[in-house]
Structures are given as C-alpha cells and as structure tokens.
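Below is one structure, written out as structure tokens, with a few remarks after it.
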Amino acid sequence: MPLKHLVVAGSVLLAAAPGEALPTMADVPALAKAAVERRVEVPASAIHILAAKPSERMPGFVVCGRVDTPSTGDDGQRFFVIIPGNFAVLDQDGRSLVDSYWSANHCE
3 MPLKHLVVAG
13 SVLLAAAPGE
23 ALPTMADVPA
33 LAKAAVERRV
43 EVPASAIHIL
53 AAKPSERMPG
63 FVVCGRVDTP
73 STGDDGQRFF
83 VIIPGNFAVL
93 DQDGRSLVDS
103 YWSANHCE
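The opening residue of the sequence shown carries number 3 in my numbering; numbering runs sequentially from there.
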C-alpha cells in the first residue's frame, strides 16, 4: 500500500513540473532566423523577415520571409516558419508548399 501512494505522489510531481516558457512576439524574429539558419548555411544578415504575426489557425506565431541567395541571381529563396516548434519550410523544399503556407497565412 505505501508503494502505491509513492507512485501517485511521484506522478503528481512530474505532471506539475513547469515547462518551457512560450515565446513572445519579441522572441519571434530571432527564433525564426535561427530556424532558417539551421536549414541553410547563410549569415543572419541574409535572412529578411517580411511578416511575423500571431497564427490565426494555431497557438503561436507564423513568419514569412526571404533568404538572400547570391548564387541563384534571383530575389532569393522564400521561407515560412512556425513558432514555437521552429518548423521552417523553404522554396527548396517545394515552391508549391511555400505558396500554400504563404497564401493560407496572408504573407503576400
């Protein structure tokens, strides 16, 4: 019987432990740049955030932007990031996928 109480008490302690704090809008640009930097090797100065706003569909934020890619000679590569989660999608993953995210989140 005492063991049962110990297990229950331990469960309550684990469930009550605080988690990581949710990011604020002030945190979003740095988190988005870090997510993009993990995907492509460019300096932070090459990452340009065009829109960062609270998500209309889920808790958190969405970020749209472009990465300067001088080797391609065009306007650069678009990206879409979800915060929290640091989920980054780039044109190199599929232009139609980025088109879908940009359209659904009113990036353009």
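Where a beta carbon is used, it is the ideal one built from N, C-alpha and C, also for glycine. Bear in mind that the values here come from a model prediction, so they are computed numbers and not experimental data.
In terms of DSSP beta bridges, what is LEU92 paired with? Within the DSSP secondary-structure output, LEU92 pairs in a beta bridge with PHE81.
ASP60: which of GLY87, ALA37, VAL100 sits nearest, CA to CA? Residue 60 is actually Met in this sequence, not Asp. Nearest option by C-alpha distance: GLY87.
Identified DSSP bridge partners for ALA28: Looking at the DSSP assignment, ALA28 forms no beta bridge with any residue, so it has no partner.
Is it right to say ALA32 is buried, meaning 16 or more other beta carbons lie within 10 angstroms of its own, or is it exposed? exposed
CB ILE85 to CB VAL30, shorter than 8 Å? If you check the CB distance, ILE85 and VAL30 come in under 8 Å.
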